[in-house]
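Using UniProt numbering, the first residue of the sequence shown is number 1, and each one after it goes up by one. Scroll down for the structure; my scribbles are underneath it.
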Amino acid sequence: MSGIVDHSRYPMSKSPHTPPRQLGNGHGHTASPLKIFGHAKNKVNEIFKTITSYISESDAFLTGIPEGDNIVTREQLEEVKAFKGKVAGIGEVLSRDHMKVVFFGRTSNGKSTVINAMLKTKLLPSGIGHTTNCFVQVEGSDTHEGYLLTEDSDEQKSIHSVRELAHALSGVKLDSSALIKIKWPKEKCVLLRDDVVLVDSPGVDVSGDTDAWIDKFCLDADVFVLVANAESTLMQTEKNFFLRVSDKLSKPNIFILNNRWDASASEPEMMEEVRKQHLDRNIAFLVDELKVVNRQEAENRVFFISAREALTSRSQGQPGTPSPHAVLQEGYQARLFEFANFERTFEECLCKSAVKTKFEQHAQRGKTLSSQLRTIMEAVHEQSLQAKNRSITQRGETSSRLQFVSTQLDKLSSEIKDQIKLMVEDVENKVAKALNEEIRRLSSLVDEFDRPFHPDQNLLAVYKKELHAHVEQSLGRNLQAKCSEALLRAVDCTERDMTDRISHLLPEESKLQLLNSLPRRDFEIAYRLDCRNLCADFREDIEFHFSLGISSLVKRFLGPKCASRALRGYSNQIPPPLTPMTPMEPESYPVRQKNELMMALLTNFSSLASRSTVGAVVVVGIAFRAVGWQVVGVGLALYGGVYLYERLAWTNKAKERTFKRQYVDYASNKLKLIVDLTSANCSHQVQQELSSTFSRLCSHVDHTKADLEEAIASYNREAVKYEEFGNKAKLLRNKAGYIDTELNSFIKQYLKHDV
């Protein structure tokens, strides 16, 4: 028998002696399209590593922003932390992602043989009858020897035990939905090197619970291969299964392999008719019933193969393998090329489907995450800029406030100093005026002193002490009555004015503190009239002095000072120089000479009268000779009567009056000397009171200025901090744009175009 080959679909070697190994036996593949999946997987893994790092950096940045700054909301923080979990889950899925192919068909249609042919070794149990009892998944391993894993254990079992566990004829019966994983060395199969996973299944006619199979093994499959029996037509059981698959998956990628096509070699005359019949029915199933592809695409999804021949051809050279020419039917070259064509088309479809199904969703989720993070960083950037602008504005307002307070304080200080100066001068004038008035009426104050007077020195000392106290208290009381009340009102008014003007420079919260911090104490002016020490040198003269006596007359004419000098003896004095040392006015010089001449005559006269009674006799004699004895007698009688009257009138009361008059004269002179001192002292007290009050008020302004300066420094620090936040947020925002660009590049390279 000879097979009819469609040379347009299956290019043949021009040489009739083409070696079997080049007849689509799987050993002469060019670069596999499956490599693209590996490249895409590496690329998307790199992108998601960048996303993971970016999210961690963003989370650390946002967590480091103080909550009180109102830059980041709690929802944004929680959202970013949730991103970390999402990306970690995506990364874990990506690390496990592979291209999954699931083979379905009725029992004994050759599903395991197809997989063995693709693996180029008889790994799975195959043969006539029902052989595969459960699902068997073949995936690559980096080990040199294959091993087997079951669902209930992580123990690595020998690869030979697959026949015992998966073969339907084995004594070990596994459930049809059980899964056995075979880890086969990648170095033995190029297909497994490219992250392809092949899943063999029991026949769809073995169990009625195919929905559980779909949920467990098909939802993450990239390609489905329906292995049909070319010796019969497509069965309804097979159709129903894939209809349920199509219901749960959107347009699954399905290939139909009409296996055992080598049987057509026995009936070459019917081959094309049978082929066309199978092809039409398969296309109708894919296009009309499943509606997963159009008719043109469906023609490239149906293949006529012989898995047994492909496995035999590809196993040549292995120990115990017979020569393919002894077992292959005529026309096998076309069937081998068909199988190779299936693999090529299958790889292209698998790669497209796997890249799209495995990575498109992750790429879109990555874009969503980067977009959401970009939005968050944009919001943080905007909030940082607004906070920075607020800090700069507040800093400017505070600086203006500080400048205003400083300027107003300087101006106010100058005005207050002038005000204090004027008030001090006014106080000084008022106190001096009042004290002079009190000095003029000092005699009245002294007359008001009513204590027993006695000329005894001990008693007189007590009398003077009490008089000093009386005068001091009376003067102080009168000065307070005249000055203190008005001065205190002026001081209080000035202090209130200072407080009111200072309070305008303080913030509202400091005004009450200002009023509470100023102690309300009654200011009193102390006049300090120490009459006791001031009049300590007072020496009273309460001895009797006849008013017509020589001494009294001399005092009356010369004054107390000149009289004392004359009575002590003018001759004892150093005569004045004839020519004055200091130039004098011409008209005053004769007057002075006349006074000195008069004083000299009286001095000499008094000296003569006091030295001997002879002088008195001489005087009387001269008078007697001039006027006569009668006149002299009468004069002496009158003189004696006056003397007697004055002597009798010199009582204790007269002594007291004389004492008080002498005290008033002495105290008045002394008090006049301290008028300026006392008034200056009072004005100084007022100045001290006002200055200390103003200093305390200024201290509050200084505290306010210090607070403003600290606020300015704080606003500066905040502006710098917010600028750093904004720059970091801008950098992370731009990084989100970079990640989005990378994802767009990935989508454009691997998802938008044919791979």
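Virtual Cβ for every residue (Gly too), placed ideally from N, Cα, C.
Using DSSP with H/G/I as helix, E/B as strand and the rest coil, what is residue i?
i: Q296; result: helix
i: T18; result: Here the model assigns T18 a pLDDT of 40, short of 50, so the residue's position is not dependable and the matter cannot be decided.
i: N458; result: helix
i: T107; result: coil
i: P202; result: coil
i: L257; result: strand
i: L529; result: coil
i: T357; result: helix
i: K183; result: strand
i: F482; result: First, the amino acid is wrong: residue 482 is Lys here, not Phe. If DSSP states are grouped into helix, strand and coil, K482 belongs with the helices.
i: S95; result: helix
i: D132; result: Inspection of the sequence shows that residue 132 is occupied by Thr rather than by Asp. T132 falls in the strand class under three-state DSSP.
i: Q316; result: coil
i: K157; result: strand
i: D137; result: Note on identity: in this sequence residue 137 is Gln, with Asp being the wrong assignment. Note: Q137 maps to strand in three-state DSSP.
i: V287; result: helix
i: N70; result: coil
i: E508; result: helix
i: K752; result: coil
i: L328; result: coil
i: A228; result: strand
i: P125; result: coil
For residue i, report the span of its beta strand (DSSP E) as first-last.
i: M99; result: M99 to F104
i: T150; result: Y147 to T150
i: E540; result: Taken as a continuous stretch (DSSP letters only), E540 belongs to no beta strand (DSSP E), as it is neither H nor E.
i: A711; result: Element bounds for A711: not the beta strand (DSSP E) but the alpha helix (DSSP H), V675 to F746.
i: F304; result: V302 to F304
Start and end of the alpha helix (DSSP H) containing residue i?
i: E42; result: Residue identity check: residue 42 is Asn in the sequence provided, not Glu. Counting along the chain, the alpha helix (DSSP H) containing N42 begins and ends at K35 to G64.
i: F449; result: No alpha helix (DSSP H) contains F449, which DSSP labels as neither H nor E.
i: L636; result: W629 to A649
i: A212; result: T210 to W213
i: L191; result: V190 to R193
i: D247; result: Q236 to K248
Spatial neighbours of residue i within its chain, please: C-beta separation below 6 Å, excluding the five flanking residues on both sides.
i: N45; result: L94
i: V5; result: Because V5 carries a pLDDT of 39, less than 50, the predicted location of this residue cannot be relied on, and the following value inherits that uncertainty. Excluding residues within five positions, the ones whose Cβ falls inside 6 Å are A334.
i: K748; result: none
i: L119; result: C189
i: L350; result: M99, D222 and V223
Give the single residue among the options whose Cα lies nearest to the Cα of residue i.
i: L62; options: V80, T52, S53 and I47; result: V80
i: Q236; options: L219, V197 and E289; result: E289
i: E378; options: N282, K735, A526 and N681; result: K735
i: L671; options: Q687, Y527, L534 and S413; result: L534
i: E145; options: W184, L179 and T107; result: W184
i: S264; options: Q329, Y54, A536 and A711; result: Q329
i: A729; options: N681, T678, S58 and A82; result: S58
i: E343; options: K465, L198 and Y645; result: L198
i: F538; options: K43, V664 and S353; result: V664
i: K181; options: F659, L731, I674 and S141; result: S141
i: E231; options: N258, L445 and S161; result: N258
i: N229; options: G331, V627, T494 and F104; result: F104
i: D426; options: S250, A680, G640 and K251; result: A680
Cutting at 7 Å between CB atoms, please list the residues of its own chain near residue i, excluding the five before and the five after it.
i: I71; result: I65, V380, Q383, S384, A387 and F725
i: Q408; result: L505
i: R301; result: I254, F255, I256, L286 and V293
i: D707; result: none
Beta-carbon within less than 8 Å of residue i's beta-carbon, same chain only, minus the 5 sequence neighbours each way: which residues are those?
i: A212; result: S177
i: L506; result: L514, H700, V701 and T704
i: D175; result: C134
i: K752; result: none
i: R281; result: T233 and L234
If contact is defined by three or more beta carbon pairs under 8 Å, each pair taking one atom from either stretch, is the region 270–287 in contact with the region 366–377? no
Closer than 8 Å is the cut-off here; do at least three beta carbon pairs connect the region 645–655 with the region 479–491? no
Using 8 Å as the cut-off, can you tell me whether the region 234–250 makes contact with the region 74–91, which would need three or more C-beta pairs spanning the two stretches below that distance? no
On the three-pair Cβ rule with 8 Å, is the region 105–114 touching the region 298–312? yes
Between the region 474–483 and the region 429–442, do at least 3 Cβ pairs fall closer than 8 Å? yes
Spell out a yes or no on whether the region 451–462 and the region 688–695 are touching, meaning 3 or more CB-CB pairs, one atom from each, closer than 8 Å. no
Is it a yes or a no for the region 410–421 touching the region 494–503, going by three-plus beta-carbon pairs under 8 Å? yes
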